[in-house]
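Residue numbers (the UniProt record's numbering): 1 to 378.
Every residue gets a Cβ at the ideal spot worked out from N, C-alpha and C, and that includes glycine.
On a predicted model such as this, the values are computed, not experimentally measured, just so you know.
Here the structure comes first, spelled out in structure tokens, and everything after it is commentary.
Laid out in structure tokens, this is it:
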């Protein structure tokens, strides 16, 4: 295939025109259709550039837009709750937080570009899954001193979760009688809204200097991605790296199943411990992987491998069923770790198999290298 693609296109045109002219006999219409179909297939090959455009336009931008809308709804619900601190409004703002958090989990894998730390975005959205669980003591200290929620471990969606979910409704409403606490919640959510707005701004295709053009123009003058395959490598690396996050940090770390844990469980390290959404978050993370496939990766991969796509789809399905099974049986990941860690280990095994499939077979089929961008062209 590489040899064919290296020929100038007019040679390909000439070849098919030659076949076209030689093939017109009594069944000329049929042969014309076949040859034109071949030409059409060649001209419409789904390239790396096609994939990057589809991932950007049909996945990343819509997901960030949805997240921004969910955070806006959270902001509105919080404003209502701050004005009238009752159980009804508390439940509304809690539900708005859940929707915003799960919307984020669907695109959490995309830890690059505007979502990467140098852009100072990621830490305002989530402070758990990379390395920094929140620090309740520091949060309470900032509230007491009426300080802004700036700094590691005191901001993001996780900090909002702590304020809204750590106690029962009566205790939470009483605590929010404190004007400083209301101010802290309002500023927290405003910071998150600012950051989701920046994500959209940096991916805005109406701006020629936006990250959207750096990514979709890989191999066409992009400084960040000199070759088209650099953009593809970014996508696949993010999938591999996020598999590591799900396996090592979200599941193995709190359940004592990480090699470095030596079997010691620590359920305080479970994600979203106050809202008990860790299993739901994993389901949304898996949905995010499925969405990458549907947005173009399956189509792109199928042109290069006959077997990887169905196996990847099946493993995502199996892993999703495994999470749902644990959720049905135990309710929360904390309960599963405490009373049924063997089922957590089985679930972890499915995530590990997904990781192996992505980090070996998918990467191999695409000719990529984990952690390094290839210099190959499209």
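For my contact list, residue 100 and residue 82 are in at a C-beta cut-off of 8 Å; report their separation, rounded to the angstrom. The residue labelled residue 100 in the question sits at position 100 within the chain shown. The residue labelled residue 82 in the question sits at position 82 within the chain shown. No, residue 100 and residue 82 are not in contact; Cβ-Cβ is about 17 Å, not under 8 Å.
### Message
Determine whether the beta carbon atoms of residue 251 and residue 289 lie at a separation below 9 Å.
### Response
Here residue 251 corresponds to residue number 251 of the chain shown, with the count starting at 1. Here residue 289 corresponds to residue number 289 of the chain shown, with the count starting at 1. With contacts defined as CB atoms closer than 9 Å, residue 251 and residue 289 fail to qualify as a contacting pair.
Integer Cβ distance of residue 215 from residue 231, believed to fall under 8 Å: Taking the first residue of the chain shown as 1, we reach residue 215 at position 215. Taking the first residue of the chain shown as 1, we reach residue 231 at position 231. Residue 215 to residue 231, Cβ: 6 Å. Contact.
Measure the Cβ-Cβ separation of residue 329 and residue 51 and say whether it is below 9 Å. Mapped onto the chain shown, residue 329 falls at position 329. Mapped onto the chain shown, residue 51 falls at position 51. No; because the gap between Cβ atoms is not below 9 Å, this pair is not in contact.
_residue 295 and residue 59 closer than 9 Å at C-beta_ = As a working mapping, residue 295 is identified with position 295 in the chain shown. As a working mapping, residue 59 is identified with position 59 in the chain shown. Yes, the Cβ-Cβ distance between residue 295 and residue 59 is below 9 Å.
> Helix, strand or coil: how does DSSP classify residue 29 here?
Replying inline: In the chain shown, the residue the question calls residue 29 occupies position 29. Here the model assigns residue 29 a pLDDT of 44, short of 50, so the residue's position is not dependable, and the following value carries that caveat. Residue 29 falls in the helix class under three-state DSSP.
query: Rounded to the nearest angstrom, how far is the Cβ of residue 293 from that of residue 277, given a contact under 8 Å?
result: Position 293 of the chain shown, counting from 1, holds the residue named residue 293. Position 277 of the chain shown, counting from 1, holds the residue named residue 277. Incorrect: roughly 24 Å between the Cβ atoms, too far for contact.
Legend entry - Nonlocal neighbours in the same chain, by C-beta distance under 6 Å from residue 25, ignoring five residues either side: Numbered from its first residue, the chain shown carries residue 25 at position 25. Confidence at residue 25 is low in this model, with a pLDDT of 46, below 50, so the placement of that residue is unreliable and no value is reported for it.
**Prompt:** So, using beta-carbon positions, are residue 285 and residue 347 closer together than 9 Å?
**Reply:** Indexing the chain shown from 1 puts residue 285 at position 285. Indexing the chain shown from 1 puts residue 347 at position 347. For residue 285 and residue 347, no; Cβs fall outside 9 Å.
Inset, instruction - Go through its chain and collect everything with a Cβ distance to residue 17's Cβ below 6 Å, but skip five positions before and after it. - result: As a first step, residue 17 must be located in the chain shown, where it is residue number 17. Because the pLDDT at residue 17 is just 46, under 50, the model does not fix this residue reliably, and the value given afterwards should be weighed accordingly. For residue 17, where only same-chain residues beyond five positions count, there are no Cβ hits under 6 Å.
Practice task
Give me the Cα-Cα distance between residue 365 and residue 305, rounded to the nearest whole angstrom.
Solution key: Against the chain shown, residue 365 aligns to sequence position 365. Against the chain shown, residue 305 aligns to sequence position 305. Between residue 365 and residue 305, the C-alpha separation is close to 6 Å.
| field | residue 135 to residue 154 span [Cα, whole Å] | value | Residue numbering aside, residue 135 sits at position 135 when the chain shown is read from its first letter. Residue numbering aside, residue 154 sits at position 154 when the chain shown is read from its first letter. Going from the Cα of residue 135 to the Cα of residue 154 covers about 6 Å.
Exercise for review: Please state whether DSSP places residue 304 in a helix, a strand or coil.
Suggested key: Position 304 of the chain shown, counted from the start, is the residue given in the question as residue 304. It is coil, neither helix nor strand.
Q. Skipping 5 residues on each side, what residues in its chain have a beta carbon closer than 7 Å to that of residue 236?
A. On the chain shown, residue 236 is found 236 positions in, with the first residue counted as 1. Within the same chain, residue 236 has close Cβ partners 362, 363, 366, 368.
> Taking one C-beta from the region 137 to 148 and one from the region 169 to 182 each time, how about it: are there three or more such pairs within less than 8 Å?
Replying inline: yes
Assuming residue 270 is part of the alpha helix (DSSP H), what are its boundary residues? As a working mapping, residue 270 is identified with position 270 in the chain shown. It is not in any alpha helix (DSSP H) - residue 270 carries neither H nor E in the DSSP assignment.
Less than 9 Å separating the beta-carbons of residue 200 and residue 350? Position 200 of the chain shown holds residue 200. Position 350 of the chain shown holds residue 350. No, they are not a contact pair.
- Task: Could you please give the first and the last residue of the uninterrupted alpha helix (DSSP H) stretch that includes residue 54?
- Result: As a working mapping, residue 54 is identified with position 54 in the chain shown. 48 to 55 is the extent of the alpha helix (DSSP H) around residue 54.
**Study point:** Under 9 Å between C-beta atoms of residue 149 and residue 94
**Key:** On the chain shown, position 149 is the one that residue 149 refers to. On the chain shown, position 94 is the one that residue 94 refers to. In this structure, residue 94 does not lie closer than 9 Å to residue 149 by Cβ.
Taking only three categories from DSSP, how would you classify residue 262? Sequence index remark: in the chain shown, residue 262 carries index 262 (1-based). Here residue 262 sits in coil by DSSP.
When you compare the CB positions of residue 219 and residue 48, do they come within less than 9 Å of one another, or not? Locating residue 219 in the chain shown gives position 219, where the first residue counts as 1. Locating residue 48 in the chain shown gives position 48, where the first residue counts as 1. Closer than 9 Å, so yes.
Element boundaries [alpha helix (DSSP H), containing residue 97]: As a working mapping, residue 97 is identified with position 97 in the chain shown. 87 to 106 is the span of the alpha helix (DSSP H), which, as asked, contains residue 97.
Is it right to say residue 321 is buried, meaning 16 or more other beta carbons lie within 10 angstroms of its own, or is it exposed?
-> Position 321 of the chain shown, counted from the start, is the residue given in the question as residue 321. The residue in question, residue 321, is exposed, as its Cβ has fewer than 16 Cβ neighbours within 10 Å.
query = Is the distance from the Cβ of residue 176 to the Cβ of residue 85 below 9 Å?
reply = As a working note, residue 176 is residue 176 in the chain shown. As a working note, residue 85 is residue 85 in the chain shown. Closer than 9 Å, so yes.
**Request:** Determine the burial state of residue 356: buried for a count of at least 16 other Cβ atoms within 10 Å of its Cβ, exposed for fewer.
**Result:** The residue labelled residue 356 in the question sits at position 356 within the chain shown. Label assigned to residue 356: exposed.
- So residue 237 is in the alpha helix (DSSP H); what residue range does that whole segment cover? Numbered from 1 along the chain shown, position 237 holds the residue referred to as residue 237. Unbroken alpha helix (DSSP H) run through residue 237: 228 to 244.
**Message:** At the level of alpha carbons, what is the spacing between residue 238 and residue 110?
**Reply:** The residue labelled residue 238 in the question sits at position 238 within the chain shown. The residue labelled residue 110 in the question sits at position 110 within the chain shown. The alpha-carbon atoms of residue 238 and residue 110 are separated by roughly 6 Å.
**Prompt:** Shortest alpha-carbon distance to residue 96 belongs to which of 340, 287, 167, 161?
**Reply:** Counted from its first residue, the chain shown places residue 96 at position 96. Selected option, being the one with the closest Cα: 161.
Item checked: Secondary structure of residue 253, DSSP reduced to three states -> Start at 1 with the first residue of the chain shown, and residue 253 comes out as number 253. Residue 253 falls in the helix class under three-state DSSP.
Self-check item: Cut-off 6 Å between Cβ atoms - residues of its own chain near residue 269, not counting five sequence neighbours on either side
Solution: As a working note, residue 269 is residue 269 in the chain shown. Counting only Cβ-Cβ distances below 6 Å, and skipping sequence neighbours, we find 253, 254.
For my contact list, residue 156 and residue 98 are in at a C-beta cut-off of 8 Å; report their separation, rounded to the angstrom.
-> Taking the chain shown and counting its residues from 1, the one referred to as residue 156 is at position 156. Taking the chain shown and counting its residues from 1, the one referred to as residue 98 is at position 98. Contact check for residue 156 and residue 98: beta-carbon distance about 15 Å, past the 8 Å limit, so the pair fails to qualify.
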